[in-house]
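Protein chains in written order, with our numbering: chain A, 37 to 680; chain B, 63 to 442.
Beta carbons are placed, not taken as given, at the ideal position from N, Cα and C, and that holds for glycine.
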Amino acid sequence: MPRDRFIPEVHVWRLLLLWLAMLACFGALTYRLWNLQVAQGMEYQRRLAKQSLRSVRIPGIRGRILDRNGVRMADNRPSYCVSLYLEELRRSGNVQRTVDNVMESLYRIAEAMDRPLQMSPQDVRLHLGRRTPLPLVAWRDLDEAAVARFAERASEFPGAELTVEPVRVYPQGGSACHMLGYVGRADSASLPDAGDDGEAPEKYHYYLPEMAGKSGIEKRLDGVLRANAGGKLEIQVDVAGFKFDEVSRRAPGKGSDVVLAVDSRIQRAAEAVLEGQRGAAVVVDPRNGDVLALASAPGFDPNQFVPSVPAKVWNQLLKAEARPLYNRATGGEYAPGSTFKPVTLLAALHSGKVSADMRFTCPGYFELGSARFRCWQHWGHGSIDLQAAIRYSCNVYLFHSALECGPEAVQAMARDCGFGRKTDISLDFERPGLVPDNAWKRTARRDSWRDGDTCNLSIGQGALLVTPVQMGMYAAALANGGTLWQPRLVGRIVAAGGEAQEIAPAKASGGPSWEARHIRVVREGMRDAVNQPDGSGKRAKLPNVTVAAKTGTAEYGVKGAGRKMTWMIAFAPFEDPRYAVALLVEDGVSGGTTAAPRVKQLLAQVFAEVEGLEMPVPAPLPEIPAPVPETVPEAAPVPAEEPA
Amino acid sequence: MKKRMQAGWRIFLAQDWLAVLLAAGLLAAGLSFIYSASWRGEDTGIVGSWFSKQIWWAALGAAVALALAATDYRFWLRQSWWFYAGTLVLLALVLVAGKKVYGAYRWLVIFGIPVQPSEFAKVALVLVLARVLSSPLVRQRSFGAVLLALGLMALPFGLILEEPDLGTAMILVPTTVFMLFAAGGGLRYLFGLAVLGLGAVAAALSPLARFVLDDYQRERIATFLDPSRDPLGSGWNALQSAIAVGSGGLSGKGFLNGSQNVLGFLPRTVSPTDFIFPVIAEETGFIGASLLLLGFAALLTCYIRTAWTAKDPAGSLLATGIASLLFCHVFVNIGMTIGLLPITGLPLPLVSSGGSFMVSTLAGFGLVQSVHVRRMRREV
C-alpha cells in the first residue's frame, strides 16, 4: 500500500503507548492515595479530630464536709436551670438571626415562668462565639414555682430543657466559717488536663463551671473534695461549630467526704460565747489533740460566696473594722498574759533552782534596779508557795522564779510547749507567734536581753506573742500531763466508694518533758484558781464538774490606754480531762471577768449537750465596758491582773 | 423481519460485556455514594434530590447508550459536522440566554431541565475529530493536520472558556492531542505542543495572565501550588478534601460514616458532585478508593481494546477520543481531590451527580460499544 495516498491506519503501537501512559497516571494517583490514606492516615485522622471533636470537662461532685458526728457542714444542693440547645435553635445565615431566635425563645420562656431574663443578646452572642457546641444555661437556681411553670409548658419550647447543677451549700450558716472556708469558680488554668484516661495530656476545649476551694478546709483539701477524675464529654461539632453528636461520655466521679474532728455542737457553743465580741476560742480533746471547736469572731456566712461573691458583700467584709474574714484562732498573735505563767513555773521547777515548796514574799511590787514591777494586788500576797502563786496569779513569785532559773530556761520551755512555731494545723494564714530571746532582741531592738525582759516574759508580757490555737494545744498538754499534740482538724477522709482513711493523732515534735510532780503542782494550782473562793478564775466554776483554769490579761497598744487582751485557758474535768479550752476576747476587762464566765458557759454547754450532765442555766454574759485609760504611767510595762 | 431480529441478536451478543459490567458497577458505586453524600445523620436521613435525579439521568443515559450502540457509528460520524455545529450554537446560546450559577453561565434551561451544552460539545468534538483525522483527504503526519485539529478544538474551547468553565475547556486540549497522537500525527509537532502547554501554565501564573484568566482561576492555580496560603478561602476545599481522603485510612470508616461530609467540612453543595471521590475515599479507605481506580482503569482498557480492534481508523479514533475524555476526567477529578492538581470543577464520570454529564458520558460509552460491535475479527 503506497504511503503517499494517505490511507489512514490504526497505529497499534501508539495506542499501546497511550494506554500505558494512562495507566501510569492512574498508578501515580494510587501512589498518592497510599501516601495520603495509609502512610499519613493517622496524621489526617488527627487533623480530622482536631477540627471536629471537642472535649468538655464535666466537674466531679464535690465531697461533703461533715463534723465528727456526721452533721453536714458543707454539702451540695441541686440548682434548677433552664438550658437552651443552640444547635436546635440555629438559623442559617448571619449569626444575628440565631441570636434573635434564641432571644425570642428566651422571652417566651421568661414569660411562661414569670421570671426576669438573666441573659442579654450580648451574652447569647458571646456564647455562640465561644461555646457554640455547649448548651446555654439561661436561668440558674430557679425556684420551685418557676420550675413547675416551665415543666408544664416545656413542650412549647423546643431546644430548651430543665437541667440540674450542684451548688455548694453550708447548712450550718456562718458556723465554723473560717475553718470551712468557701468555694468559688475555679479558673480553668488550675483544672486538670484531659489525659486522665491515659491519652496524651491535652487541655480540654471547654470547661463547665466548676467550684474550687478558695480558703479554709475547702482550699486545703480541695484535691480530696474535688473528684479527681472529673467527667469527660466528647462531642462532634459541625463546620459551624454547633454540636452534631455526642461521641463519648465518661461520667464524673464523686469527691471524698471529709469528716472533721470538730463537734458542731461545741463549735456552736464556742461561737455563742463569742457573740458580739472580737475573739477566738479553741476546744481540744487533750487525749488525742482533736480540735473540737475552732471559733473566730466575728464571722461571715460562706453561703453568700456561692457561686461567686457579690462585689458589695466582698467590699463590706474587707472594709469592716472587726475584720470578719480574718481567722483569729490561727492567724491572730497576742500576748498571753498570765496564762503563760505555768510555762515559767514549769521551767523553774525543771531547772531545779525552784521547788514547789519554795516560798517568796510578795509585798505588792518587785524592785529591779531603779525600776519597780508591780503585782496586780497592790498590797501584795505575802509569803506564798508555788501552788498559791498560780491560784492568785502572783506576779512577784514569777519574777523571782524566772530570775532564778534564767530566761533561757523559760524560752526553751515555751518552745517545748509549741510557742514560736506553727502548729501545722491544716489551715492557711497560720502565724507562728514569737518567743523573744537575746538574739531576737539584738536584731529587732538593737539591745541586749535584760532582767526586765525576763520579768516581762515570766508573766507573758513584753514581746511574747501566741496564737489561740497554740494556747489550745498548750492547755491540752497541761490537761493530759505533758503530751503536746498536733492539732487534728480532720478525723478521716471517706472516699466515694466508702473506704475511709483515718488520720491518726500525732504528737507535735519536741513536746515538753515535765516531771509528774511538777505538773501535778501546776495543775492543782489551776484547780484552786477556779475552785477556791479567792482564786483568780473563780467565775469559771461549774457545779458538777471540776474545772481547772488560768486567767490572763495582757495590755497591748499604747501604754496606759487600758486596752487588754483577756484570756482563759482551762480544762475539765480535772480528774480525767476531756476538754481543754483556750478563749480570747479582744478588749475585755480582764481574764477573770471577761474570759472566765465565757469559758464557764462554754463548758456548761459542752457537758450538758455532749455528755448529758445537768448544768445550771447560764446567766447572761456581762457587758464589757469600753477600756478606761489609766492615769498613772509606769516606768516599765505593767502587767495588770484583776482586782479581787 | 426475521433478519432484523437476527441482526439485533448479533448486536446484543457482540457487546463488550466486560465494559457494560464495569460501567454498571461504577454507576452503582456512584449512586450509593451520592446517597451517602446526601446523608445527614439518623434523624434527618438524606436531603436534596441528587440521589433520585441521578437515577433518572442514569436511566436516560442508558437509553441513549443503547440507541447509539445499536446504530452504526459511521452514521454518527457522517453527521458529526451537524453535531459540532449544533453544540457551537448551543454554547453561543448559553452566553446569551444561559442561567447564571455561581457567577458562571453554563446552563441552558430546556423545558425546565437545566442542560450543560459544554458536556455535549466534548462528544461532538471527538466525533468530528475522529471523522477529520481519519479522512483520506488529510495528511495525518502534517503540520496542517495539527492546525486543523487545534482549530476545530479552539471554537468550543473559546466558547466554554467564556462561560467561564476553565476545567471543562481544559479537558478539550489533551483529548485533541491524544487523538492526534493516535491518528499518527507528527511527533515533533506534538512535542512542540507539549512545550507550548507547559509554557501556558507558566504564563497563567504570571501577572500577565489576568488579561486571559479570571481572578478566581488564577487564585485556584496559586492555591494549588500552596494550599496553606488560604486555608479558609479557596484552599478550604482542597484541605478538607485531603483530610477526608487521608482520614479514611486503609479500610475506611464505613458506609454513611464519613464525618467530613455529614459535618459540612466538605462543602455540602459539592460533595455529591465534584467532590464525590473524597466521600468514597473516606468511607471505604484506600481499599475502596483504589478499587474504584481499578474499575476506571479496566473500563479504559476496554475502550483502548475497542480502538485497537476497530474495523476502521475512524472507529478506532472515536474510541480513543472517548477513552481520552474518560481518562482526563478521572485523572483531573481525583487528582484535584488529593492535591495533585488544582481545584477545577470537573466531575467524576459515571459517579458524580450531574445530568448532562451523565448522559454525555453514557453516550460516549454507547458510541464505543457501537464501534466494538462492528469490530474486525482479529482478536488475539
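Problem set entry | Cβ of L54 (chain A) within 8 Å of any chain B Cβ | Mapped onto the first sequence, residue 54 (chain A) falls at position 18. Yes, its Cβ sits closer than 8 Å to a Cβ of chain B.
For this session: Would you check if the distance between the CB atom of M507 (chain A) and the CB atom of V646 (chain A) is smaller than 8 Å?
Result: Taking the first sequence and counting its residues from 1, one reaches residue 507 (chain A) at position 471. Taking the first sequence and counting its residues from 1, one reaches residue 646 (chain A) at position 610. With contacts defined by Cβ atoms closer than 8 Å, M507 (chain A) and V646 (chain A) do not form a contacting pair.
Exercise. According to the neighbour-count rule (16 or more other Cβ atoms, all chains shown, within 10 Å of its Cβ), is V621 (chain A) buried or exposed?
Worked result: Sequence index remark: in the first sequence, residue 621 (chain A) carries index 585 (1-based). Within a 10 Å sphere around the beta-carbon of V621 (chain A) sit 16 or more other beta-carbons, which makes this residue buried.
For this session: Grab me the residues of L388 (chain B)'s own chain with a C-beta within less than 8 Å of its C-beta, minus the 5 sequence neighbours each way, in chain order.
Result: Taking the second sequence and counting its residues from 1, the one referred to as residue 388 (chain B) is at position 326. Around L388 (chain B): F358, L361, L362, Y365, P411, T423 and G426.
For this session: Between the Cα of Y146 (chain B) and those of B:K65, B:W101 and B:L221, spot the shortest distance and give me the residue it belongs to.
Result: Start at 1 with the first residue of the second sequence, and residue 146 (chain B) comes out as number 84. Nearest of B:K65, B:W101 and B:L221 to Y146 (chain B), Cα basis: B:L221.
Exercise. Around the C-beta of R193 (chain B), are 16 or more other C-beta atoms found within 10 angstroms, so that it is buried, or is it exposed?
Worked result: The count along the second sequence starts at 1 and reaches residue 193 (chain B) at position 131. The residue in question, R193 (chain B), is buried, as its Cβ has 16 or more Cβ neighbours within 10 Å.
Exercise. So H417 (chain A) and C430 (chain A) are in contact, right, with Cβ under 8 Å, and what is the actual spacing, rounded?
Worked result: Here residue 417 (chain A) is taken as the residue at index 381 of the first sequence, counted from 1. Here residue 430 (chain A) is taken as the residue at index 394 of the first sequence, counted from 1. With a contact defined as Cβ atoms closer than 8 Å, H417 (chain A) and C430 (chain A) qualify at about 5 Å.
Exercise. Taking all protein chains shown into account, do 16 or more other C-beta atoms lie within 10 angstroms of the C-beta of P579 (chain A), making it buried, or fewer, making it exposed?
Worked result: What you label residue 579 (chain A) is simply residue 543 of the first sequence in a count that begins at 1. Classification of P579 (chain A): exposed, given that the 10 Å Cβ count is below 16.
Exercise. Taking T66 (chain A) as the reference, which of B:I400, B:R436 and B:M438 has the closest Cα?
Worked result: For this step, residue 66 (chain A) is matched to residue 30 along the first sequence. Selected option, being the one with the closest Cα: B:I400.
For this session: Following the continuous alpha helix (DSSP H) through A222 (chain B), name the residue where it begins and the one where it ends.
Result: As a position in the second sequence, residue 222 (chain B) is number 160, starting the count at 1. In the sequence as presented, Ala is not what sits at residue 222 (chain B); that position holds Ile. Going by DSSP, I222 (chain B) is part of the alpha helix (DSSP H) stretching over F205 to L223.
Exercise. Looking only at its own chain, which residues have a Cβ that is under 7 Å from the Cβ of A306 (chain A), when we skip the five neighbours before and after it?
Worked result: Numbered from its first residue, the first sequence carries residue 306 (chain A) at position 270. So the list reads A317, V319, A329, A331 and L638, once near-sequence residues are dropped.
For this session: Pick helix, strand or coil for R524 (chain A), following the three-state DSSP scheme.
Result: Numbered from its first residue, the first sequence carries residue 524 (chain A) at position 488. Strand, per DSSP.
Problem set entry | CA nearest to the CA of V275 (chain A), picked from A:L354, A:L84, A:A222 and A:Y116 | For the purposes of this step, residue 275 (chain A) is taken as the residue at position 239 of the first sequence. The shortest C-alpha separation from V275 (chain A) is found at A:L84.
Exercise. What is the DSSP secondary structure of A536 (chain A), reduced to helix, strand or coil?
Worked result: Here residue 536 (chain A) refers to the residue found at position 500 of the first sequence. Secondary structure at A536 (chain A): strand, using DSSP grouped into helix, strand and coil.
Exercise. From Y362 (chain A) to F409 (chain A), what distance separates their C-alpha atoms?
Worked result: Here the question's residue 362 (chain A) lines up with position 326 in the first sequence. Here the question's residue 409 (chain A) lines up with position 373 in the first sequence. Straight-line Cα distance between these residues: approximately 35 Å.
For this session: Give the C-beta separation of R104 (chain A) and V298 (chain A) to the nearest angstrom, bearing in mind that I take them to be a contact with Cβ-Cβ under 8 Å.
Result: Here residue 104 (chain A) corresponds to residue number 68 of the first sequence, with the count starting at 1. Here residue 298 (chain A) corresponds to residue number 262 of the first sequence, with the count starting at 1. In this structure R104 (chain A) touches V298 (chain A) by the C-beta definition: roughly 6 Å separates them, less than 8 Å.
For this session: Please report the Cβ distance between V307 (chain B) and Q73 (chain A), rounded to the nearest whole angstrom; I am assuming they are in contact, meaning their Cβ atoms lie under 8 Å.
Result: For this step, residue 307 (chain B) is matched to residue 245 along the second sequence. For this step, residue 73 (chain A) is matched to residue 37 along the first sequence. The Cβ separation is near 6 Å, so the contact holds.
Problem set entry | Per-residue DSSP class, three states only, for V118 (chain A) | As a working note, residue 118 (chain A) is residue 82 in the first sequence. V118 (chain A) falls in the strand class under three-state DSSP.
Exercise. Which value, in whole angstroms, describes the spacing of the CA atoms of F137 (chain B) and L328 (chain B)?
Worked result: Locating residue 137 (chain B) in the second sequence gives position 75, counting from the first residue. Locating residue 328 (chain B) in the second sequence gives position 266, counting from the first residue. Looking at the two C-alpha atoms, the distance is approximately 45 Å.
For this session: Check whether the Cβ of P194 (chain A) lies closer than 8 Å to any Cβ atom in chain B.
Result: In the first sequence, the residue the question calls residue 194 (chain A) occupies position 158. Under the Cβ criterion of 8 Å, P194 (chain A) is not counted among the residues facing chain B.
Exercise. Which residues of chain A have a Cβ atom closer than 9 Å to the Cβ of A256 (chain B), listed in chain order?
Worked result: Working through the second sequence from its first residue, we reach residue 256 (chain B) at position 194. Within chain A, no residue comes near A256 (chain B); the closest Cβ sits about 12 Å away, beyond 9 Å.
For this session: Determine which residues share a DSSP beta bridge with Y401 (chain A) and list them.
Result: Position 365 of the first sequence, counting from 1, holds the residue named residue 401 (chain A). BP columns for Y401 (chain A) point to A:R410.
Exercise. Shortest alpha-carbon distance to E147 (chain A) belongs to which of A:T134, A:A190 and A:L164?
Worked result: Within the first sequence, the letter at position 111 stands for residue 147 (chain A). Considering only A:T134, A:A190 and A:L164, the residue with the shortest C-alpha distance to E147 (chain A) is A:A190.
Problem set entry | For P176 (chain B), the three-state DSSP class (helix, strand or coil) | In the second sequence, residue 176 (chain B) corresponds to position 114, counting from 1. For P176 (chain B), the secondary structure class from DSSP, reduced to helix, strand or coil, is strand.
For this session: Could you list which residues in chain B have their beta carbon closer than 9 Å to that of V48 (chain A), in chain order?
Result: The residue you call residue 48 (chain A) lines up with position 12 of the first sequence. Proximity of chain B to V48 (chain A) at the Cβ level (cut-off 9 Å) is accounted for by W370, in chain order.
Problem set entry | Proximal residues to M394 (chain A) (C-beta, below 8 Å), its chain only, five neighbours per side dropped | By one-based count along the first sequence, residue 394 (chain A) stands at place 358. Answer for M394 (chain A): D421 and L422, listed in chain order.
For this session: Enumerate in chain order the residues of its own chain whose CB-to-CB distance from V566 (chain A) is below 7 Å, with the five nearest sequence positions on each side excluded.
Result: Numbered from its first residue, the first sequence carries residue 566 (chain A) at position 530. Around V566 (chain A): G573, K574, A576, K577, V583, A584 and A585.
For this session: Report the neighbours of L362 (chain B) on chain A: residues whose CB is nearer than 9 Å to its CB, in chain order.
Result: The sequence position of residue 362 (chain B) within the second sequence is 300, counting from 1. The contacting residues are W55, M58, L59 and F62.
Problem set entry | Buried versus exposed, by CB contacts within 10 Å (16 or more), E677 (chain A) | For the purposes of this step, residue 677 (chain A) is taken as the residue at position 641 of the first sequence. Its pLDDT being 43, under 50, E677 (chain A) is placed unreliably in this model, and the coordinates cannot settle the point.
For this session: On a CA-only basis, which of B:S309, B:A369 and B:L402 is nearest R82 (chain A)? Give me that one, please.
Result: Against the first sequence, residue 82 (chain A) aligns to sequence position 46. Per the Cα distances, B:S309.
Exercise. When you compare each of B:E225, B:L353, B:L429 and B:A69 to V163 (chain B) by their alpha carbons, which one comes out closest?
Worked result: Counting from one through the second sequence, the residue named residue 163 (chain B) turns up at place 101. Per the Cα distances, B:E225.
Exercise. Pairing CB atoms from the segment 344-360 of chain A with CB atoms from the segment 442-457 of chain A, are three or more of them under 8 Å?
Worked result: Contact between the segment 344-360 of chain A and the segment 442-457 of chain A is absent, because fewer than three Cβ pairs lie under 8 Å.
Exercise. To which residues does DSSP link F186 (chain A) through a beta bridge?
Worked result: In the first sequence, counting from the first residue as 1, residue 186 (chain A) sits at position 150. By DSSP's assignment, F186 (chain A) forms no beta bridge with any residue.
For this session: Could you run through the segment 230-246 of chain B and flag, in chain order, every residue whose CB is less than 9 Å away from some CB of chain A?
Result: Within the segment 230-246 of chain B, the residues whose Cβ lies closer than 9 Å to some Cβ of chain A are F240, F243, A244, A245 and G246, listed in chain order.
Problem set entry | Interface residues of chain B facing E15 (chain A) [CB-CB closer than 8 Å] | Since the first residue shown for chain A is 37 and the last is 680, residue 15 (chain A) is missing from the structure and cannot be characterised.
Problem set entry | Which listed residue (A:V558, A:F376 and A:D321) has its alpha carbon closest to that of A392 (chain A) | Looking up residue 392 (chain A) in the first sequence gives position 356. With distances taken between Cα atoms, A392 (chain A) lies closest to A:V558.
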